[in-house]
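Student: Pasting a structure below so you can have a look.
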Amino acid sequence: MSSLSTQVLVIGGGATGLGIAWDAALRGLKVVLIEQSDIGQGTSGRHHGLLHSGGRYALSDPVSARDCASENRILRKIAAHTIEDTGGIFVATPADPVDYPDRWFSACSHLNIPAEEISLSALLEREPLLNPRISRSFLVQDASIDSFDLAHSLVKGIQDHGGVVLLRHRLESVTRHQDCLVEAKISDLSNVESLSLSANLFINAAGPWAKTITNMAGAELPLALGKGTLVAMSHRLVNTVVNRCKPPSDGDIIVPVGTVSILGTTDVPVKEPTSLDIEPWEVDLLLAEGDLLLPGLRDSRPLRTWAGIRPLYRPVENGDAQTRNLLRAHVILDHEETDGLQCFISVIGGKLTTFRLMAEEAVDLICDKLEIDQKCSTASTPLPHETGQFYSLTSRLEKLEHQHSHAIADQVVCECELVMRGDIEFALEKTGSGTDLDDLRRDLRIGMGPCQAGFCAYRTYAISLEHSSSPPSLKGLHNFLYERWRGIRPVAWGSTLQQMEFSRRIYLDLLAAGPESENRS
Amino acid sequence: MTHIIIVGGGLAGLYASILAADRGAKVTTVFKGRGGLSISHGCIDVLDRSAPSRSLGSLPDHHPYQLAGKANLKDSISKFRDLMLRADYPFSGKLSKSVPILTALGSIKRTSFAPSGIARGYLNSDGPIVLGHFSGFRDFFPGMIQKRALKAGITIAKVIDLPLLEPPDRRDAYSTDYALLFEDSEWREEIIRMWRPLLPGVKRLGLPAVLGFQNHSEIHEDLEDSLGIEIFEIPTLPPSVPGLRIERILLRQAQALGATLIEGVSVIGRIDGRSRGKRVAGVVLHSTGRTIQLDADVVLLATGGILNGGLVAQQDHRIRESVFDLPVLHPASRSDWIGLSLFHRQAYASAGIRVNSHMQPLGLDEKPMFKNLYAAGGLLAGSDRSLEGSRQGIDLATAYCAINKALR
């Protein structure tokens with residue numbers, strides 16, 4: 003068993019944990035981050051990709067709203083490449099309360115959240131598919147943000163500043179010395195080895211798994227879990243984030259992300275961080291609500307679904323509150339104050355838009371505890387990236403059109419998302435052996451377009467096998483196809499089911515890729 | 005002269021059209037689009053067992069093979085092979101023993117009948133295998149096939165890069181782009197000259213299945229004779245050149261026998277006529293901007309399953325038969341349609357319409373709904389064809405049976 007020591011150990015590789023590690027590394031702290039699977043695998047990679055303007059919470063949660071508005075401005079500067087500046091609109095449909103838009107608008111003004119009312123004709127000129135019976139509409143500064151790109155840049159930033167990110171490393175136990183955590187036992191899931199790590203401070207940023215960590219440490223955490231289901235539609239039906247102008251509820255938003263549109267969300271209280279099953283009613287509800295915004299939407303093609311778990315802070319006095327009604331603001335819990343346990347801090351709640359602010363507050367507390375006088379600089383330090391430009395949907399196509407090439411590296415592997423063979427080879431080289439197809443998906447978006455991996459899973463599997471020395475098992479291909487299938491199952495009808503059957507013809511009839519073909523000769 | 009309208013242009017529909025025309029019927033075949041051949045491997049899967057003919061009896065009673073009967077399956081296949089042979093595209097294989105072929109994933113697949121170009125790669129025959137690769141072709145990965153095949157106990161001696169003259173100038177070139185190159189005999193002479201020095205000592209060469217489209221047999225023999233080696237084809241991702249070869253032969257044969265083929269139209273209803281609903285008097289077609297009525301003595305539905313649009317799965321938990329709205333057998337809730345993974349059994353895949361042993365669609369009362377309506381192919385309930393490895397066998401057997409009964 004090898005051992006390491008650090009000043010700060012961050013547990014959890016979502017936006018929260020990565021943000022804390024980035025901030026800490028920038029302030030010159032020695033930091034190690036562990037993540038039990040891959041970065042952004044939990045809640046951070048399972049949302050709708052909305053960079054909040056703050057409008058959504060203007061009436062229900064003014065603190066969150068104000069935080070969102072200011073963080074939105076900051077992220078546009080420091081993480082532009084992860085953002086597509088789509089803009090957002092709040093619209094009131096005939097089904098929404100009539101008095102809400104005025105109350106909402108004045109709350110936005112009061113909180114300095116930019117919002118501007120536009121006419122119906124201006125609205126329909128901008129988004130022709132929207133319901134012509136919409137009565138009011140307001141432009142806000144929503145945008146769509148790619149949490150995987152954000153996570154990748156954060157990792158790069160952490161590493162550039164001397165921090166260590168350990169993926170597929172799970173916390174197994176912690177050792178207490180009197181009233182202080184001193185050491186963590188961590189297992190490396192990729193080769194079943196373990197290591198011990200001593201740290202001055204332990205930061206729990208495990209999102210929905212945060213309670214597992216506090217239990218290990220013998221501390222309390224009032225955490226409520228709310229499952230949110232999302233549906234991706236196979237086209238980019240709108241170019242602007244469209245919100246319903248009504249109190250937050252199920253199915254109140256459509257976010258354009260890349261080539262698809264995402265309908266969000268439901269909110270179902272669950273017990274476990276792994277309770278990700280999607281019920282038919284959730285999908286039916288999201289499509290029906292979406293249909294109020296875009297008439298005919300329910301007849302267009304859903305591509306896939308997924309669910310994420312919101313970890314929300316629920317103090318005892320709110321014991322029975324619906325998860326949707328709990329405040330979305332984040333909480334930084336110093337367990338020295340709540341449990342008399344030193345060197346241990348939990349950071350929970352919040353949202354992707356405010357990850358930087360949460361990190362700043364958490365690292366301020368960390369610096370206090372370590373008696374280090376270093377100011378936060380994340381608000382003015384751009385995350386590492388080549389261009390620093392906003393993402394645009396057509397950038398991949400633009401790049402292709404400007405280079406005419408016969409090189410093998412320039413063959414199209416994924417037609418839906420325009421991924422070239424060279425992109426895959428580059429990603430394989432960068433990340434090394436252990437890379438699975440799902441890592442490549444998060445990195446390159448392979449398998450996320452309309453064909454849902456029918457062609458590219460085979461091609462990508464073949465390329466990765468030709469590049470690796472690992473045994474030629476079909477497990478990686480199977481896991482990838484299982485994962486895709488799981489997301490499509492809840493929307494398996496119409497042309498979505500036709501696409502699934504098409505994949506089956508390829509992988510069963512044509513390629514004999516089934517598990518049983520492994521031992522038949 | 006009996007007028008039969010056949011709805012569907014896939015393997016079952018085109019094959020039935022030929023059979024019907026061959027029997028002297030007046031045949032009108034209408035189809036919206038092409039069937040599944042272009043995404044198939046171009047072989048005839050009868051049943052993924054080592055001895056399909058012995059395993060047929062153990063299938064459930066409502067399985068299409070049980071309904072059509074073993075004799076119809078046998079006859080349908082020999083008739084199909086005759087057709088293909090006449091078009092210089094011979095198939096080999098037998099019902100009593102499956103043959104193993106190498107897939108583009110380097111897995112071993114069992115099938116029953118394969119065109120000779122693929123059959124020359126049967127893994128149960130001897131001789132070391134070498135794989136050839138056209139470096140610009142993005143859908144063939146010989147290095148991967150080599151590694152994977154080794155795991156399955158098949159040794160591929162080496163992989164050779166074979167240059168092509170003027171390869172397709174596109175970064176997304178498909179198998180069909182390559183197949184067309186091989187049609188040019190002067191071009192072939194050139195590449196044979198280029199390849200010859202690269203293949204010393206090679207006895208058996210596997211190539212992606214792109215060796216010509218129309219004149220495959222001639223091209224294949226030309227390459228083999230000139231290079232003095234045995235060559236076999238490995239089917240690749242869609243569009244499938246071997247599947248398209250079959251489709252083309254069937255279309256040509258049907259036309260040669262006098263069948264009228266109308267492509268790009270959908271059937272949107274039936275004419276019930278004067279028989280108090282006991283007979284179908286014709287169909288209503290929808291073409292661009294207008295509807296056409298066609299009278300018929302017999303109607304055969306070969307519209308396919310979920311993929312090809314013969315069956316339409318809906319959000320409201322229904323699976324509908326798309327042409328006549330015939331009753332469809334399927335699980336009541338859409339959450340029960342889908343298996344845990346792509347490789348599991350799928351209830352939606354065996355959904356379909358129920359027929360009797362004459363291939364007549366049955367009503368809820370278990371009786372034929374119309375005296376002169378028949379169905380064949382992917383539309384029929386009772387088989388998860390991908391899992392069973394029975395797709396083309398069912399198409400041929402049920403089409404053959406339906407035409408037999410309909411034109412008695």
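Protein chains in written order, with the numbering used here: chain A, 3 to 523; chain B, 5 to 412. No residue lacks a Cβ here, since even glycine has one placed at the ideal position from N, Cα and C. Owing to the predicted nature of the structure, the values given are computational and were not obtained by experimental measurement.
Please confirm whether A:A331 and A:I13 have their CB atoms less than 9 Å apart.
Tutor: On the first sequence, position 329 is the one that residue 331 of chain A refers to. On the first sequence, position 11 is the one that residue 13 of chain A refers to. Not in contact: A:A331 and A:I13 (Cβ atoms no closer than 9 Å).
Student: Counting only beta-carbon atoms, is A:Y509 nearer than 9 Å to chain B?
Tutor: Along the first sequence, one-based indexing puts residue 509 of chain A at 507. Taking Cβ atoms only, chain B reaches closer than 9 Å to A:Y509, which makes this a yes.
Student: Please give me, in chain order, every unbroken run of the beta strand (DSSP E) with length at least 3 that falls completely inside the stretch 54 to 134 of chain A.
Tutor: Taking only runs of at least 3 residues, the beta strand (DSSP E) segments lying wholly in the stretch 54 to 134 of chain A are 90 to 94, 118 to 120.
Student: Give the residues of chain A in contact with B:D176, contact being defined as C-beta atoms less than 9 Å apart.
Tutor: In the second sequence, the residue the question calls residue 176 of chain B occupies position 172. By Cβ distance, chain A contributes Q413, V414, E417.
Student: Starting from A:N202, trace the beta strand (DSSP E) in both directions and tell me its first and last residue.
Tutor: To locate residue 202 of chain A, count along the first sequence from 1; it is residue 200. Segment 195 to 206, the beta strand (DSSP E) holding A:N202.
Student: Against chain B, with Cβ distances strictly below 9 Å, would A:F428 count as a contact?
Tutor: Against the first sequence, residue 428 of chain A aligns to sequence position 426. Chain B, which has no Cβ nearer than 9 Å to the Cβ of A:F428, makes this no.
Student: Here's the rule: buried if 16 or more other CB atoms are within 10 angstroms of the residue's CB, otherwise exposed. What is B:M5?
Tutor: In the second sequence, the residue the question calls residue 5 of chain B occupies position 1. B:M5 should be labelled exposed.
Student: With a 10 Å radius around its C-beta and 16 neighbouring C-beta atoms as the bar for buried, classify A:V494 as buried or exposed.
Tutor: Along the first sequence, one-based indexing puts residue 494 of chain A at 492. It should be pointed out that residue 494 of chain A corresponds to Ala in this sequence rather than to Val. Per the 10 Å Cβ criterion, buried.
Student: Against chain B, with Cβ distances strictly below 9 Å, would A:H480 count as a contact?
Tutor: Taking the first sequence and counting its residues from 1, the one referred to as residue 480 of chain A is at position 478. A:H480 counts as touching chain B.
Student: Taking the runs of the beta strand (DSSP E) that are 3 residues or longer, which of them lie wholly in the stretch 188 to 267 of chain B?
Tutor: Listed in chain order, the complete beta strand (DSSP E) runs (minimum 3 residues) inside the stretch 188 to 267 of chain B are 208 to 212, 234 to 238, 264 to 267.
Student: Of all the beta strand (DSSP E) runs that stay within the bounds of the stretch 475 to 513 of chain A, which reach a length of 3 or more residues?
Tutor: You should have found no qualifying run.
Student: Kindly indicate which three-state DSSP category A:P304 falls into: helix, strand or coil?
Tutor: As a position in the first sequence, residue 304 of chain A is number 302, starting the count at 1. Reduced to three states, the DSSP call for A:P304 is strand.
Student: Quick check: is the beta carbon of B:M148 nearer than 9 Å to any beta carbon in chain A?
Tutor: Sequence index remark: in the second sequence, residue 148 of chain B carries index 144 (1-based). Closer than 9 Å: yes.
Student: Assess contact between the stretch 146 to 164 of chain B and the stretch 59 to 78 of chain B, defined as three or more Cβ pairs (one per stretch) separated by less than 8 Å. Is contact present?
Tutor: The stretch 146 to 164 of chain B is not in contact with the stretch 59 to 78 of chain B.
Student: For A:R522 and A:P250, I'd like the C-alpha separation in whole angstroms.
Tutor: Counting from 1 along the first sequence, the entry for residue 522 of chain A is found at position 520. Counting from 1 along the first sequence, the entry for residue 250 of chain A is found at position 248. Below a pLDDT of 50, predicted positions are generally treated as unreliable, and A:R522, at 42, falls in that range; the measurement from the model is reported next regardless. In a straight line, the C-alpha of A:R522 is about 55 Å away from that of A:P250.
Student: What did DSSP end up calling B:I342 once you bin it into helix, strand or coil?
Tutor: Start at 1 with the first residue of the second sequence, and residue 342 of chain B comes out as number 338. Residue state, collapsed to three classes: coil.
Student: In whole angstroms, give me the CA-to-CA distance for A:R507 and B:R283.
Tutor: Looking up residue 507 of chain A in the first sequence gives position 505. Looking up residue 283 of chain B in the second sequence gives position 279. A:R507 and B:R283: Cα-Cα distance of roughly 36 Å.
Student: Looking at chain B, which residues of the stretch 219 to 235 of chain A have a Cβ within less than 9 Å of any of its Cβ atoms?
Tutor: For the stretch 219 to 235 of chain A, which is checked against every Cβ of chain B, not one residue is closer than 9 Å.
Student: Does any residue of chain B have a CB that is nearer than 9 Å to the CB of A:M450?
Tutor: Here the question's residue 450 of chain A lines up with position 448 in the first sequence. It does not: the Cβ of A:M450 has no partner Cβ on chain B nearer than 9 Å.
Student: Does B:L109 have its Cβ less than 9 Å from a Cβ in chain A?
Tutor: Taking the first residue of the second sequence as 1, we reach residue 109 of chain B at position 105. Chain A contact via Cβ: present.
Student: Name, please, each residue of chain A whose Cβ falls closer than 8 Å to the Cβ of B:H45.
Tutor: Here the question's residue 45 of chain B lines up with position 41 in the second sequence. The contacting residues are D511, L512.
Student: Going by C-alpha to C-alpha distance, which of A:P116, A:L227, A:L513 sits closest to A:P210?
Tutor: Reading the first sequence from its first residue, position 208 is the one you call residue 210 of chain A. When each option's Cα is compared against that of A:P210, the closest is A:L227.
Student: Alpha carbon to alpha carbon, what distance is there between A:G57 and A:V240?
Tutor: Locating residue 240 of chain A in the first sequence gives position 238, where the first residue counts as 1. Locating residue 57 of chain A in the first sequence gives position 55, where the first residue counts as 1. Their backbone Cα atoms lie some 19 Å apart in a straight line.
Student: Check whether the stretch 103 to 111 of chain B touches the stretch 500 to 514 of chain A, counting contact only when three or more Cβ pairs, one atom from each stretch, lie closer than 8 Å.
Tutor: The stretch 103 to 111 of chain B, when compared against the stretch 500 to 514 of chain A, does touch it at the 8 Å Cβ threshold.
Student: What is the rounded straight-line gap between the Cα of B:P243 and the Cα of B:R358?
Tutor: Residue 243 of chain B sits at position 239 when you count from the first residue of the second sequence. Residue 358 of chain B sits at position 354 when you count from the first residue of the second sequence. C-alpha separation (whole angstroms): 31 Å.
Student: Applying the criterion that 16 or more other CB atoms from any shown protein chain within 10 Å of the CB defines a buried residue, is A:R29 buried or exposed?
Tutor: Start at 1 with the first residue of the first sequence, and residue 29 of chain A comes out as number 27. Buried, by the Cβ-count rule.
Student: Kindly indicate if chain B contains any beta-carbon less than 9 Å away from that of A:E503.
Tutor: To locate residue 503 of chain A, count along the first sequence from 1; it is residue 501. So, interface residue.
Student: Okay, do the stretch 117 to 124 of chain B and the stretch 213 to 222 of chain B touch, 3+ Cβ pairs below 8 Å being the bar?
Tutor: Yes, the stretch 117 to 124 of chain B touches the stretch 213 to 222 of chain B.
Student: Can you tell me whether A:R306 is buried or exposed? The criterion is at least 16 other CB atoms within 10 Å of its CB, across all chains shown.
Tutor: The residue you call residue 306 of chain A lines up with position 304 of the first sequence. Per the 10 Å Cβ criterion, buried.
Student: Report all residues from its chain with a CB closer than 8 Å to the CB of A:G220; omit the five preceding and five following residues, and keep chain order.
Tutor: Residue 220 of chain A sits at position 218 when you count from the first residue of the first sequence. Cβ neighbours of A:G220 beyond the five flanking positions: R178, D341, L343.
Student: B:K460: buried (16+ other C-beta within 10 angstroms of its C-beta) or exposed?
Tutor: Since the displayed chain B opens at 5 and closes at 412, residue 460 of chain B lies outside it and no answer follows.
Student: What residues of chain A sit near B:I342, judged by a beta carbon separation below 7 Å?
Tutor: Taking the second sequence and counting its residues from 1, the one referred to as residue 342 of chain B is at position 338. Going along chain A in sequence order, the residues near B:I342 (Cβ under 7 Å) are R491, A494.
Student: What separation, rounded to the nearest whole angstrom, lies between the Cα atoms of A:D425 and B:V103?
Tutor: Locating residue 425 of chain A in the first sequence gives position 423, counting from the first residue. Locating residue 103 of chain B in the second sequence gives position 99, counting from the first residue. When rounded, the distance between both Cα atoms is 39 Å.
Student: Cβ closer than 8 Å: which chain A residues qualify as neighbours of B:P239?
Tutor: Here residue 239 of chain B refers to the residue found at position 235 when the second sequence is read from its first residue. Result: L512.
Student: Using a Cβ-Cβ cutoff of less than 8 Å, which residues in the same chain neighbour A:H154 once the five nearest sequence positions on both sides are dropped?
Tutor: On the first sequence, residue 154 of chain A is found 152 positions in, with the first residue counted as 1. Cβ neighbours of A:H154 beyond the five flanking positions: I41, D445.
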